[in-house]
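Engineer: Before I ask anything, let me first share the structure, which is written out below as structure tokens.
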Amino acid sequence: MATIQKTPVWEPRNVQQTNVHQFIRYVNEKHQLHLRTYEDLHQWSVASTSLQDFWRDAYDWLQLAPPGAKGTGRVLEGSDVASVDMFPPPRFFPSDSLSIPELMLRHRRDSDVAIHFAREAVISNSVDAMAICLASLSIGAIWSSSSCDLGSAGIVDRYSQISPKMIFADNGYIYAGKTFRLGDRIVDWSHKLGRDTSQLMDVVIIPYCNFEVDLKRIHKGCSLQSFLERDSGERLSFKIAPFSHPAFILYSSGTTGRPKSIVHGTGTSWVMWVLNLLNLSCAGSMLLFDGSPFHPRPTILLELAQDIGLQEKASTFESYESLPRPALFSQRIYDWFYSTGFPSQAQLISMSGGTDIAGCFVGGSPLLPVYAGEIQCKALGMAVEILDATVIEPVAVESSGEAGELVCTKPFPSQPLAFIGERGEEIYRTSYFERFGKGIWCQGDFIQRIPDTGGLVMLGRSDAVLNPSGVRFGSAEVYAVTETFPELADSICVGQKRDIDSDERVLLFVKMRHEMQFGPDLERRIRAAIRERYSPRHVPKFILEVADIPYTVNGKKCEIDVKHIVCGRKAAVGGTVANPEALSLYEDFKNLPAEGSVSVSKAKL
Numbered sequence: 001m002a003t004i005q006k007t008p009v010w011e012p013r014n015v016q017q018t019n020v021h022q023f024i025r026y027v028n029e030k031h032q033l034h035l036r037t038y039e040d041l042h043q044w045s046v047a048s049t050s051l052q053d054f055w056r057d058a059y060d061w062l063q064l065a066p067p068g069a070k071g072t073g074r075v076l077e078g079s080d081v082a083s084v085d086m087f088p089p090p091r092f093f094p095s096d097s098l099s100i101p102e103l104m105l106r107h108r109r110d111s112d113v114a115i116h117f118a119r120e121a122v123i124s125n126s127v128d129a130m131a132i133c134l135a136s137l138s139i140g141a142i143w144s145s146s147s148c149d150l151g152s153a154g155i156v157d158r159y160s161q162i163s164p165k166m167i168f169a170d171n172g173y174i175y176a177g178k179t180f181r182l183g184d185r186i187v188d189w190s191h192k193l194g195r196d197t198s199q200l201m202d203v204v205i206i207p208y209c210n211f212e213v214d215l216k217r218i219h220k221g222c223s224l225q226s227f228l229e230r231d232s233g234e235r236l237s238f239k240i241a242p243f244s245h246p247a248f249i250l251y252s253s254g255t256t257g258r259p260k261s262i263v264h265g266t267g268t269s270w271v272m273w274v275l276n277l278l279n280l281s282c283a284g285s286m287l288l289f290d291g292s293p294f295h296p297r298p299t300i301l302l303e304l305a306q307d308i309g310l311q312e313k314a315s316t317f318e319s320y321e322s323l324p325r326p327a328l329f330s331q332r333i334y335d336w337f338y339s340t341g342f343p344s345q346a347q348l349i350s351m352s353g354g355t356d357i358a359g360c361f362v363g364g365s366p367l368l369p370v371y372a373g374e375i376q377c378k379a380l381g382m383a384v385e386i387l388d389a390t391v392i393e394p395v396a397v398e399s400s401g402e403a404g405e406l407v408c409t410k411p412f413p414s415q416p417l418a419f420i421g422e423r424g425e426e427i428y429r430t431s432y433f434e435r436f437g438k439g440i441w442c443q444g445d446f447i448q449r450i451p452d453t454g455g456l457v458m459l460g461r462s463d464a465v466l467n468p469s470g471v472r473f474g475s476a477e478v479y480a481v482t483e484t485f486p487e488l489a490d491s492i493c494v495g496q497k498r499d500i501d502s503d504e505r506v507l508l509f510v511k512m513r514h515e516m517q518f519g520p521d522l523e524r525r526i527r528a529a530i531r532e533r534y535s536p537r538h539v540p541k542f543i544l545e546v547a548d549i550p551y552t553v554n555g556k557k558c559e560i561d562v563k564h565i566v567c568g569r570k571a572a573v574g575g576t577v578a579n580p581e582a583l584s585l586y587e588d589f590k591n592l593p594a595e596g597s598v599s600v601s602k603a604k605l
């Protein structure tokens with residue numbers, strides 16, 4: 001049978017004018033090399049003999065050092081890359097210092113527009129979060145944030161771990177045309193946090209839509225105006241901190257316990273919210289939109305981008321994955337992107353990484369063609385490999401075109417500095433290094449390389465982390481709710497994404513107590529409780545009754561096995577499953593309809 005050759009939807013142009021081509025020339029001249037292609041550059045950037053050269057060259061090329069300073073000393077603390085484990089995380093650039101806000105604002109001109117902002121409603125205080133973040137980092141403070149729609153318990157779960165000194169809180173928000181008041185929620189979590197930590201000095205309320213909030217009811221409540229009146233009038237200055245100085249605390253998903261608090265250093269390269277900050281370092285303007293990306297119409301973001309003449313547009317594709325797959329990811333839409341929607345020189349870049357690494361493992365390059373449905377390449381400096389997911393030993397399967405575990409086999413600067421808490425070190429190790437050891441970071445993603453094009457395709461999570469519409473959370477958050485229902489004996493929560501699904505959806509399986517009945521009223525109450533405690537995005541797509549929940553002999557729920565089954569994959573069931581017969585109960589659920597309601601509600605032994 002003849003092989004059908006794929007046609008690129010975009011091809012490189014003006015290659016010699018791109019930054020990455022100029023970087024190749026810089027590296028070649030400095031090290032007397034003959035790198036020609038992106039593949040050459042990537043292989044050099046991850047080789048044990050040159051990885052440190054790459055990161056030092058990137059540091060200097062990007063001019064990360066403060067004005068008047070130069071990068072000095074070793075890149076990686078230790079002897080050499082080949083002998084350095086990835087855990088405990090090695091220190092990068094131990095002799096270097098920088099300031100994120102100084103870097104962001106270094107090329108500013110007072111007459112330039114830094115931020116274009118739009119909301120569903122015309123109100124004030126448009127860019128407070130961005131300003132507060134930059135101000136915090138400028139004095140060496142650590143920044144952390146959470147979504148406005150997160151429930152009180154979710155906020156306490158996160159912030160009680162990090163003991164914040166100051167919290168800035170919106171007293172409301174608008175989403176999809178609906179107005180949400182947060183005053184009572186702030187009262188609740190502020191007092192709970194006040195009991196958990198003595199460090200909390202102020203809860204500063206940012207006014208929204210002229211909502212009234214009784215500051216006296218809020219623990220350490222303070223108005224934004226009162227806070228701003230404390231200004232001393234001193235000229236803005238930037239604290240220059242070591243490269244590994246803590247800067248951000250982000251939150252990962254967890255299948256047990258509370259969300260994990262991850263500390264990232266000053267040198268953290270990228271997360272979707274922080275990506276907006278990096279636009280400023282290029283002396284560029286950014287477009288921020290607060291609200292539903294589909295309200296009042298699905299084209300609103302594109303219209304705003306056109307109105308202000310954006311040359312580059314960055315957005316999380318998770319927003320657009322809410323649309324049916326045929327309406328977005330078909331070849332027809334790629335054709336529309338380049339023939340009608342955007343100029344032909346615009347490069348459509350797909351990327352994948354994680355909050356846990358604050359960066360990308362795979363992404364795009366202006367030196368390579370773009371193929372529909374594929375990610376172009378591995379990111380520079382990231383030693384990405386694809387390992388067999390069905391065996392314990394590390395066996396590479398990338399060249400065969402088989403799907404496997406996404407791993408990284410060399411240290412990189414945006415590894416978390418630490419996980420917060422008494423068990424932080426243990427959680428760090430078991431989250432990424434338990435499967436293949438301290439020298440291989442296992443991300444928990446399924447990935448496949450297409451041999452004909454060299455492109456990469458992300459196939460979803462290989463672990464039990466839930467990721468509907470790009471919102472990642474752990475099953476433990478769902479269990480925190482189901483365990484409060486006396487009718488339920490047990491439950492197991494997994495994600496499902498098959499070839500026919502445009503997005504992952506959450507399935508919650510419940511086991512009823514003896515003589516208890518599962519029905520619409522109980523299902524409604526479970527959904528309402530999850531929505532109230534966390535957010536609408538935590539609510540399962542389906543809640544289904546099963547007769548039994550599979551466990552390992554160590555007493556852990558077999559979430560990954562169940563996920564493999566409902567996704568239509570083969571579960572690698574071994575001797576560690578205490579009740580393997582329970583796994584057969586989930587076979588029918590791999591045929592759930594892609595859209596709409598489900599009629600199957602029970603699976604009996």
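Using full-length UniProt numbering, you'd call the opening residue of the sequence shown number 1 and step up by one each time. C-beta atoms are modelled at their ideal positions from N, C-alpha and C, and glycine is treated no differently.
1. Select from Phe509, Glu393, Ser502 and Pro486 the residue whose C-alpha is nearest the C-alpha of Ile492.
2. How about Pro242 and Ser97: are their beta carbons less than 8 Å apart?
3. Runs of 4 residues minimum, wholly inside the UniProt domain "AMP-dependent synthetase/ligase" (123-266): which ones carry the alpha helix (DSSP H) assignment?
4. May I ask you to check if the CB of Gln517 is nearer than 7 Å to at least one heavy atom of the ligand SAH?
5. Per DSSP, what kind of secondary structure is Ala65 in: helix, strand or coil?
6. Looking only at its chain, what residues have a beta carbon closer than 6 Å to the beta carbon of Val213, apart from the 5 residues adjacent to it on each side?
7. Counting along the chain, where does the beta strand (DSSP E) carrying Val84 start and finish?
8. Give me the Cα-Cα distance between Leu33 and Leu41, rounded to the nearest whole angstrom.
9. In whole angstroms, give me the CA-to-CA distance for Phe412 and Gln225.
10. So Val46 and Met286 are in contact, right, with Cβ under 8 Å, and what is the actual spacing, rounded?
11. Excluding the 5 residues flanking Gly596 on each side, which residues of the same chain have their C-beta closer than 8 Å to its C-beta?
12. Looking at Lys563: is its Cβ nearer than 8 Å to the Cβ of Ala464?
13. Can you find the residues in the same chain that come closer than 7 Å, C-beta to C-beta, to Arg13, ignoring five residues on each side of it along the sequence?
14. Give me the Cα-Cα distance between Pro416 and Val362, rounded to the nearest whole angstrom.
15. Output yes or no for whether 8 Å exceeds the beta carbon distance between Ile162 and Ile249.
16. Nearest-angstrom Cα distance between Leu406 and Ile349?
17. Tell me whether the beta-carbon of Asp445 lies closer than 8 Å to the beta-carbon of Arg461.
18. At 4 residues or longer, and completely inside the segment 475-563: list those alpha helix (DSSP H) runs for me, N to C.
19. Write down the C-beta distance between Gly265 and Ser292 rounded to the nearest angstrom, noting that I regard them as a contact closer than 8 Å.
20. Quick one: residues in its chain with C-beta nearer than 8 Å to the C-beta of Lys511, no 5 flanking neighbours on either side, listed in chain order?
21. By the DSSP assignment, the beta strand (DSSP E) with Gln16 in it spans what residues?
22. Whole angstroms is fine: what's the gap from Val81's alpha carbon to Glu102's?
23. To the nearest angstrom, how far is the alpha carbon of Tyr175 from that of Gly151?
24. Check for me: the beta strand (DSSP E) holding Met104 runs from which residue to which?
25. Give the C-beta separation of Arg537 and Val471 to the nearest angstrom, bearing in mind that I take them to be a contact with Cβ-Cβ under 8 Å.
26. Expressed to the nearest angstrom, what Euclidean distance is found between the alpha-carbon atoms of Leu456 and Phe294?
27. Under 8 Å by Cβ, that's how I've got Phe589 and Leu459 pegged, so tell me the actual separation to the nearest angstrom.
28. Looking at the structure shown, is Arg449 part of a helix, part of a strand, or coil, going by DSSP?
29. Quick check on the burial criterion: 16 or more other C-beta atoms within 10 angstroms. Buried or exposed for Ser111?
30. Between Pro451 and the rest of its own chain, which residues show a CB-CB distance below 6 Å, the 5 nearest in sequence each way excluded?
31. Reducing DSSP to helix, strand and coil, say where Ser48 ends up.
32. Counting only beta-carbon separations shorter than 8 Å, does Cys282 have a partner in chain B?
33. Hey, how far is the Cα of Ala69 from the Cα of Glu504?
34. Can you tell which of Phe473, Arg74, Gly353 and Pro90 has its C-alpha closest to the C-alpha of Gly495?
35. On the DSSP bridge list, what partners appear for Phe92?
Structural biologist: In terms of the structure at hand:
1. Phe509
2. yes
3. 128-138, 152-162, 183-196 and 224-228
4. Among the ligands in the structure shown, none appear at all, so the ligand SAH cannot be discussed.
5. coil
6. Asn171, Gly183 and Ile205
7. Per DSSP, Val84 belongs to no beta strand (DSSP E) and is neither H nor E.
8. 10 Å
9. 42 Å
10. The pair is not a contact, with the Cβ atoms about 31 Å apart (cut-off 8 Å).
11. Residue placement at Gly596 cannot be trusted, given a pLDDT of 46 that sits under 50; the coordinates are not used to answer.
12. yes
13. Gln345
14. 18 Å
15. yes
16. 19 Å
17. yes
18. 475-482 and 520-533
19. Contact doesn't hold; Cβ gap of about 34 Å is too wide.
20. Leu488, Ala489, Asp490, Ser491, Glu545, Val546, Ala547, Asp548 and Ile549
21. Counting along the chain, Gln16 falls outside any beta strand (DSSP E), and DSSP gives it neither H nor E.
22. 31 Å
23. 15 Å
24. Segment Ile100 to Leu105 is the alpha helix (DSSP H) holding Met104; no beta strand (DSSP E) there.
25. 4 Å
26. 29 Å
27. Actually they are not in contact, since the Cβ atoms of Phe589 and Leu459 sit about 19 Å apart, beyond 8 Å.
28. strand
29. exposed
30. Gly401
31. coil
32. Of the protein chains in the structure, only one exists, and it is not chain B.
33. 47 Å
34. Phe473
35. Leu76
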